[in-house]
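Protein chains in written order, with this note's numbering: chain U, -18 to 142; chain L, -18 to 142. Note that the Cβ used here is the ideal one computed from N, Cα and C, for glycine as well. Note that the structure is predicted; figures quoted are calculated from it, not measured. Structure first, then comments.
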């Protein structure tokens, strides 16, 4: 099961440095059907339930043009996650793995990334399928799925390296 | 060309809220061939040059097991980017687009996400291809590419919704 912040056998916690290198602003809030971490999907599905992303002002104008993409990348902040485990056990079997070899929400910077199916945009509300986060999760960013996006900027020297 | 923080015709800047909702810790540093924003690739290529990601302590143990994945997701902080544009022009042609419809580094939370080809891991050094960021970019996270990863945790109720 997904954890409720307990440390399990064979997990390794560290004393992390203060998280003060850069600051985030919550640009919206994600409404999903899941109000309990122990009920969330482990990974979103393209045919999952509708989820409703509300974008806050002053960022709503930044949605212009996003409707052209069938899939979008959604970045969010897993604000209920502990940040200090370098080895963790996804189940309670005592088999520990390195945090960076997992897509667990428990990580030094608990940023979730999902590719969501865009269903529609109505004013500040972006409706999608394919998320797996808790109801009320803070939104950090929206971008076109990289596989659908062609850079708009003119070529740069690095493009040819 | 990529910007050097200028505002272009038809771009819209807002007064952003303070970025104090959550804090990030830099967990490493990315070495790339590009020391000038005007020379970076617009988007990484699987056959691009080798880039060297150094992971800082106390996070090196968290790399255990990551070598099993041919592609990894790299999250980094675009610390040279302005954060206040909601409409932006990727070129100097005055055609503005919503920030969330672009993968530009200019965004309210300038988090870059790339899928990189994993070349090797040696102690704290992760060598990859496919990045497009400036030399010295701060690292935020590493995860297996979602398309290669099967959740390790036991099934949860949300998996079936």
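Between which two residues does the beta strand (DSSP E) containing residue i stretch?
{"i": "residue 57(L)", "result": "52 to 58"}
{"i": "residue 10(L)", "result": "9 to 12"}
{"i": "residue 97(U)", "result": "92 to 103"}
{"i": "residue 116(U)", "result": "First-last for residue 116(U): undefined, no H or E at that position."}
{"i": "residue 3(U)", "result": "3 to 5"}
{"i": "residue 66(L)", "result": "66 to 69"}
{"i": "residue -12(U)", "result": "Run containing residue -12(U): none; DSSP gives neither H nor E here."}
{"i": "residue 32(L)", "result": "31 to 36"}
{"i": "residue 108(U)", "result": "106 to 110"}
Check whether chain U comes within 7 Å of residue i, counting only Cβ atoms and requiring the distance to be less than that.
{"i": "residue -12(L)", "result": "no"}
{"i": "residue 145(L)", "result": "This structure gives no information on residue 145(L), because the portion of chain L shown stretches from -18 to 142."}
{"i": "residue 98(L)", "result": "no"}
{"i": "residue 102(L)", "result": "no"}
{"i": "residue -5(L)", "result": "yes"}
{"i": "residue 30(L)", "result": "yes"}
{"i": "residue 74(L)", "result": "no"}
{"i": "residue 105(L)", "result": "no"}
{"i": "residue 27(L)", "result": "no"}
{"i": "residue 12(L)", "result": "no"}
{"i": "residue 128(L)", "result": "no"}
Nearest to residue i by CA position, among the options, is which residue?
{"i": "residue 74(L)", "options": "35(U), 134(U), 30(U) and 50(U)", "result": "134(U)"}
{"i": "residue 50(U)", "options": "35(U), 109(U), 63(U) and 139(U)", "result": "109(U)"}
{"i": "residue 95(U)", "options": "42(U), 0(U) and 86(U)", "result": "86(U)"}
{"i": "residue 54(U)", "options": "107(U), -1(U) and -2(U)", "result": "107(U)"}
{"i": "residue 43(L)", "options": "45(U), 26(U) and 67(U)", "result": "67(U)"}
{"i": "residue 136(L)", "options": "20(U), -11(U), 8(U) and -4(U)", "result": "20(U)"}
{"i": "residue 91(L)", "options": "93(U), 30(U), -6(U) and 3(U)", "result": "3(U)"}
{"i": "residue 59(L)", "options": "25(L), 115(L) and -13(L)", "result": "115(L)"}
{"i": "residue 138(U)", "options": "6(L), 46(L), 113(L) and -8(L)", "result": "113(L)"}
{"i": "residue -8(L)", "options": "33(L), 78(L), 88(L) and 39(L)", "result": "78(L)"}
{"i": "residue 129(L)", "options": "37(L), -2(L), 48(L) and -13(L)", "result": "48(L)"}
{"i": "residue 39(L)", "options": "-12(U), 97(U), 5(U) and 88(U)", "result": "88(U)"}
{"i": "residue 37(U)", "options": "-2(L), 6(L) and 93(L)", "result": "-2(L)"}
Just the Cα atoms here: how many angstroms apart are residue i and residue j?
{"i": "residue -15(L)", "j": "residue 16(L)", "result": "13 Å"}
{"i": "residue 28(L)", "j": "residue 10(U)", "result": "37 Å"}
{"i": "residue 13(L)", "j": "residue 142(L)", "result": "42 Å"}
{"i": "residue 62(U)", "j": "residue 118(U)", "result": "11 Å"}
{"i": "residue 131(U)", "j": "residue 83(L)", "result": "9 Å"}
{"i": "residue 71(U)", "j": "residue 8(L)", "result": "22 Å"}
{"i": "residue 99(L)", "j": "residue 57(U)", "result": "25 Å"}
{"i": "residue 24(U)", "j": "residue 120(L)", "result": "24 Å"}
{"i": "residue 122(U)", "j": "residue -10(L)", "result": "24 Å"}
{"i": "residue 140(U)", "j": "residue 22(L)", "result": "4 Å"}
{"i": "residue 31(L)", "j": "residue 125(L)", "result": "19 Å"}
{"i": "residue 81(L)", "j": "residue -4(L)", "result": "17 Å"}
{"i": "residue 45(L)", "j": "residue 104(U)", "result": "44 Å"}
Compare the C-beta of residue i against all C-beta atoms of chain L and say whether one is closer than 7 Å.
{"i": "residue 89(U)", "result": "yes"}
{"i": "residue 57(U)", "result": "no"}
{"i": "residue 8(U)", "result": "yes"}
{"i": "residue 5(U)", "result": "yes"}
{"i": "residue 109(U)", "result": "no"}
{"i": "residue 142(U)", "result": "yes"}
{"i": "residue 79(U)", "result": "yes"}
{"i": "residue 16(U)", "result": "no"}
{"i": "residue 63(U)", "result": "no"}
{"i": "residue 20(U)", "result": "yes"}
Would you please verify whether the beta carbon of residue i is less than 7 Å from any beta carbon of chain A?
{"i": "residue 86(L)", "result": "Given the protein chain composition of this structure (U and L), no chain A is represented."}
* **Residues within the stretch 111 to 126 of chain U neighbouring chain L, beta-carbon criterion of under 8 Å** => Taking 8 Å as the Cβ-Cβ cut-off against chain L, the residues of the stretch 111 to 126 of chain U that qualify are 113, 119, 121, 122, 123, 124 and 125.
* According to a CB-to-CB cut-off of less than 9 Å, which residues of the stretch 33 to 55 of chain L neighbour chain U? -> From the stretch 33 to 55 of chain L, only 36, 37, 38, 39, 40, 41, 42, 43, 44, 45, 46, 47, 48, 49, 50, 53 and 54 have a Cβ closer than 9 Å to chain U.
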